[in-house]
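Trainee: Pasting a structure below so you can have a look.
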Amino acid sequence: MGAAMRRIQVGSALSAFGIGFTVPFLYVYVAEVRGLGASAAGIVLAAFAMAALVVLPFTGRAIDRRGPLPVLVAASVVASVGAVGLGFATYEPAAIVAAAVLGAGTAVLQPALATMIVWCSAPETRTRSFATQFFLQNLGLGIGGLIGGQIVDESRPDSFLLLFSIEAVMFLVLAGIVLTVRMPQAPALGEAMPKDEGKGGMRALLGHRAMVQLCVLGFVLFFACYGQFESGLSAYGVEAAGISASTLGIALAANTAMIVIAQFAVLKLVERRKRSRAIATVGLIWTVAWLFAGYAGIGHGSQAMATAAFISTYALFGLGEAMLSPTVAPLVADLAPAGMVGSYNSAFALVKQLALAVGPAVGGPMGAALHGPYIVTFVLFSLAVTVLALRLGKRLTPVQDQPSLAGSRVVMQSSPEPATATSG
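Quick note on numbering: the working numbering labels position 228 of the sequence shown as 230, and the sequence is numbered without any gaps.
Written out as structure tokens, the structure reads:
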């Protein structure tokens, strides 16, 4: 790993560390600590999510035209301002505006970081680079959440101000670190560097069948897993399986622990196999996870068995996530034509954000009240992941599906059909 990549990874981990300080406590902070109530907290969380949906459609072209570094620095500063604003917000309008600013800034960070990783990595090292980023981000989020939980005190609003201040500083640290990165020049990057400032835009992307299929697959992936973590699945666990709040925390810890433990072991298995088959395997793993959840809530075992099954559900989700990190993000980059790496990363980030918005809205009420249909629905979604992944594999070139076939050759070649193709 080169010096530039190490700095990008460290900055990414530190920003995740800062986010981990506040995200788990945002609802409690607005609703109870500031005394604004549950409805205001819901609006603040919605503003955070909606801001991301607003800025992401414009992020890709900005990255492709200006480069990822200035976009990342600007987003870090914006996110830092939003974090400080939330720390001082005592009224609902101020909290909503600050949450929107924070949401907009953090939304831009991921596609900008992903594009920097593409620019600073060779195709044969890209899989490992994205896996390392995912590992470090989860580690940062977990450690940040643990430390934040020790600092936070609901009776002391200034303890939350400290959390938001630490988060703001971490965003500025990210900006400072990436400013020291010397980005490669065009001869070293070849196809990964912008050449035409993203000419063709959204029309070219929508005409790229493989990318459209990957976006559909991505929506199902994020809807069926990440979109259920803190809404539908937790509601189902409490209402159907009798899971306590402390057990929910253990389940989330099991998810993070699985990612941290399994990431690099899984990476060795995935690196020399077809990406489409690895993603298809994730669908099968998550199918088993949802069956475990079904047993926890609908089965007739003891409470201890139900608890173990529920924690196992989160652990299996973590195993699937560890398999996705070295496959999906690098595939987005490898599908992108010259000059549109930022646009492709931003489009995929937008799909993820949409899934994370729709997932809780659909899964929350189902998980709380329709226990059987909830499990059946997401078993089917997990099986759909497998089907969609295998279909996507048929549209990829051999090297896109399995970069190890290229050896030392450049992977970022054209897809089976050009980005403007419309034929099936």
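Every residue gets a Cβ at the ideal spot worked out from N, C-alpha and C, and that includes glycine. Values in this document were obtained by computation on a predicted structure and should not be read as measured data.
Classify Val-86 as buried or exposed, calling it buried when 16 or more other Cβ atoms lie within 10 Å of its own Cβ.
Mentor: As a working mapping, residue 86 is identified with position 84 in the sequence shown. Burial call: buried.
Trainee: Alpha helix (DSSP H) containing Gln-112: first to last residue?
Mentor: Here residue 112 refers to the residue found at position 110 when the sequence shown is read from its first residue. It spans 94-121 - the alpha helix (DSSP H) in which Gln-112 sits, taken as one unbroken run.
Trainee: Taking all protein chains shown into account, decide if Lys-276 is buried (16 or more other Cβ within 10 angstroms of its Cβ) or exposed.
Mentor: Reading the sequence shown from its first residue, position 274 is the one you call residue 276. A residue is called buried when at least 16 other Cβ atoms come within 10 angstroms of its Cβ; Lys-276 meets this threshold and is buried.
Trainee: When the distance is taken between beta carbons, is Gly-229 closer than 8 angstroms to Pro-375?
Mentor: The sequence position of residue 375 within the sequence shown is 373, counting from 1. The sequence position of residue 229 within the sequence shown is 227, counting from 1. No, Cβ-Cβ distance for Pro-375 and Gly-229 is not below 8 angstroms.
Trainee: Specify whether the stretch 348-365 and the stretch 288-299 touch according to this definition: at least 3 beta carbon pairs, one from each stretch, less than 8 angstroms apart.
Mentor: no
Trainee: Excluding the 5 residues flanking Val-103 on each side, which residues of the same chain have their C-beta closer than 8 angstroms to its C-beta?
Mentor: Stepping through the sequence shown from its first residue, residue 103 is reached at position 101. Ala-53, Val-80, Ala-81, Val-83, Gly-84, Gly-87.
Trainee: Is the CB-CB distance between Ala-101 and Val-57 below 8 angstroms?
Mentor: The residue given as residue 101 occupies position 99 in the sequence shown. The residue given as residue 57 occupies position 55 in the sequence shown. No. Outside cutoff.
Trainee: How far does the alpha helix (DSSP H) with Phe-380 in it extend, from its first residue to its last?
Mentor: As a working note, residue 380 is residue 378 in the sequence shown. Residues 373-395.
Trainee: Would Thr-388 and Gly-285 be called neighbours here (beta carbons separated by less than 8 angstroms)?
Mentor: Counting from 1 along the sequence shown, the entry for residue 388 is found at position 386. Counting from 1 along the sequence shown, the entry for residue 285 is found at position 283. Going by C-beta atoms, Thr-388 is nearer than 8 angstroms to Gly-285.
Trainee: Can you name the start and end residues of the alpha helix (DSSP H) that Ser-14 belongs to?
Mentor: Stepping through the sequence shown from its first residue, residue 14 is reached at position 12. Here the alpha helix (DSSP H) through Ser-14 covers 5-24.
Trainee: Which residue wins for smallest C-alpha separation from Val-12, given the options Arg-68, Phe-136, Ala-267?
Mentor: In the sequence shown, counting from the first residue as 1, residue 12 sits at position 10. The candidate whose alpha carbon is nearest that of Val-12 is Phe-136.
Trainee: Can you check whether the CB of Pro-405 is closer than 8 angstroms to the CB of Thr-129?
Mentor: Reading the sequence shown from its first residue, position 127 is the one you call residue 129. Reading the sequence shown from its first residue, position 403 is the one you call residue 405. Taking 8 angstroms as the Cβ cut-off, Thr-129 and Pro-405 qualify as a contacting pair.
Trainee: Give me the Cα-Cα distance between Val-334 and Ala-255, rounded to the nearest whole angstrom.
Mentor: In the sequence shown, counting from the first residue as 1, residue 334 sits at position 332. In the sequence shown, counting from the first residue as 1, residue 255 sits at position 253. Spanning the two alpha carbons is a distance of roughly 29 angstroms.
Trainee: With distances taken Cα to Cα, identify the nearest neighbour of Ser-161 among Ile-377, Phe-23, Gly-209, Gly-365.
Mentor: Looking up residue 161 in the sequence shown gives position 159. Of the candidates Ile-377, Phe-23, Gly-209, Gly-365, the one whose C-alpha sits nearest the C-alpha of Ser-161 is Phe-23.
Trainee: Here's the rule: buried if 16 or more other CB atoms are within 10 angstroms of the residue's CB, otherwise exposed. What is Ala-338?
Mentor: Residue 338 sits at position 336 when you count from the first residue of the sequence shown. The residue in question, Ala-338, is buried, as its Cβ has 16 or more Cβ neighbours within 10 Å.
Trainee: Determine the closest residue to Thr-249 out of Met-260, Ser-236, Ala-259, Ile-261, with distance taken between C-alpha atoms.
Mentor: Counted from its first residue, the sequence shown places residue 249 at position 247. Measuring C-alpha to C-alpha distances from Thr-249 to each of Met-260, Ser-236, Ala-259, Ile-261 identifies Ser-236 as the nearest.
Trainee: Once DSSP output is grouped into helix, strand and coil, what is the label at Gly-244?
Mentor: Working through the sequence shown from its first residue, we reach residue 244 at position 242. Gly-244: coil per DSSP, three-state reduction.
Trainee: Where do the ends of the alpha helix (DSSP H) carrying Asp-66 lie?
Mentor: Position 64 of the sequence shown, counted from the first residue, corresponds to residue 66. Under the DSSP assignment, Asp-66 falls in the alpha helix (DSSP H) whose first and last residues are 39-68.
Trainee: Between Thr-92 and Leu-163, what straight-line distance do the alpha-carbon atoms span, to the nearest angstrom?
Mentor: What you label residue 92 is simply residue 90 of the sequence shown in a count that begins at 1. What you label residue 163 is simply residue 161 of the sequence shown in a count that begins at 1. Looking at the two C-alpha atoms, the distance is approximately 11 angstroms.
Trainee: Measuring CA to CA, which of Leu-398, Arg-184, Asp-403, Ala-291 is closest to Arg-8?
Mentor: Against the sequence shown, residue 8 aligns to sequence position 6. Checked all of Leu-398, Arg-184, Asp-403, Ala-291; the closest Cα to Arg-8 is Arg-184.
Trainee: Return the Cβ separation of Val-218 and Leu-390 in integer angstroms, given the expectation that the two are a contact with Cβ distance under 8 angstroms.
Mentor: The residue labelled residue 218 in the question sits at position 216 within the sequence shown. The residue labelled residue 390 in the question sits at position 388 within the sequence shown. Val-218 to Leu-390, Cβ: 6 angstroms. Contact.
Trainee: Flag this pair as yes or no: are the beta carbons of Ile-313 and Ile-261 separated by less than 8 angstroms?
Mentor: The residue labelled residue 313 in the question sits at position 311 within the sequence shown. The residue labelled residue 261 in the question sits at position 259 within the sequence shown. Contact: no.
Trainee: Along the chain, where does the alpha helix (DSSP H) containing Gly-299 start, and where does it finish?
Mentor: If you number the sequence shown from 1, residue 299 lands on position 297. 277-300 is the span of the alpha helix (DSSP H), which, as asked, contains Gly-299.
Trainee: By alpha-carbon positions, which one of Ala-48, Ala-77, Phe-50 ends up nearest to Gly-62?
Mentor: Working through the sequence shown from its first residue, we reach residue 62 at position 60. Considering only Ala-48, Ala-77, Phe-50, the residue with the shortest C-alpha distance to Gly-62 is Ala-77.
Trainee: Take the Cβ of Pro-125 as the centre, count every other Cβ of all protein chains shown within 10 Å, and call the residue buried at 16 or more, exposed below.
Mentor: By one-based count along the sequence shown, residue 125 stands at place 123. That one is buried.
Trainee: Could you tell me which of Ala-43, Gly-69, Leu-372 sits nearest to Gly-234, measuring between CA atoms?
Mentor: To locate residue 234, count along the sequence shown from 1; it is residue 232. The option with the nearest alpha carbon to Gly-234 is Leu-372.
Trainee: Starting from Ser-157, follow the alpha helix (DSSP H) in both directions and report where the run begins and ends.
Mentor: Against the sequence shown, residue 157 aligns to sequence position 155. First-last for Ser-157: undefined, no H or E at that position.
Trainee: If the criterion is Cβ atoms closer than 8 angstroms, does the pair Ala-308 and Ala-243 meet it?
Mentor: Counting from one through the sequence shown, the residue named residue 308 turns up at place 306. Counting from one through the sequence shown, the residue named residue 243 turns up at place 241. A contact, by the Cβ cut-off of 8 angstroms.
Trainee: Shortest alpha-carbon distance to Val-99 belongs to which of Thr-127, Arg-68, Ala-43?
Mentor: For the purposes of this step, residue 99 is identified with residue 97 of the sequence shown, where counting begins at 1. The shortest Cα separation from Val-99 among Thr-127, Arg-68, Ala-43 belongs to Ala-43.
Trainee: What three-state label does DSSP hand Cys-217 in the structure shown?
Mentor: For the purposes of this step, residue 217 is taken as residue 215 along the sequence shown, with counting starting at 1. Here Cys-217 sits in helix by DSSP.
Trainee: Go ahead and pull the three-state DSSP assignment for Val-183.
Mentor: Walking along the sequence shown from the start, residue 183 turns up at place 181. Three-state result, Val-183: coil.
Trainee: Beta-carbon within less than 8 angstroms of Leu-65's beta-carbon, same chain only, minus the 5 sequence neighbours each way: which residues are those?
Mentor: Locating residue 65 in the sequence shown gives position 63, counting from the first residue. In the sequence on display, residue 65 carries Ile and not Leu. So the qualifying residues of the chain are Val-73, Pro-113, Ala-114, Thr-117, Val-343, Gly-344, Ser-345, Asn-347, Ser-348.
Trainee: Express the C-alpha separation of Gly-144 and Ala-310 in angstroms, rounding to a whole number.
Mentor: The residue you call residue 310 lines up with position 308 of the sequence shown. The residue you call residue 144 lines up with position 142 of the sequence shown. About 21 angstroms.
Trainee: Do you know offhand how far Arg-289's Cα is from Ala-317's?
Mentor: Start at 1 with the first residue of the sequence shown, and residue 289 comes out as number 287. Start at 1 with the first residue of the sequence shown, and residue 317 comes out as number 315. Checking the sequence, you will find Thr at residue 289 rather than Arg. Cα-Cα distance, rounded: 13 angstroms.
Trainee: Applying the criterion that 16 or more other CB atoms from any shown protein chain within 10 Å of the CB defines a buried residue, is Gly-365 buried or exposed?
Mentor: Within the sequence shown, numbered from 1, the residue matching residue 365 stands at position 363. Result: buried.
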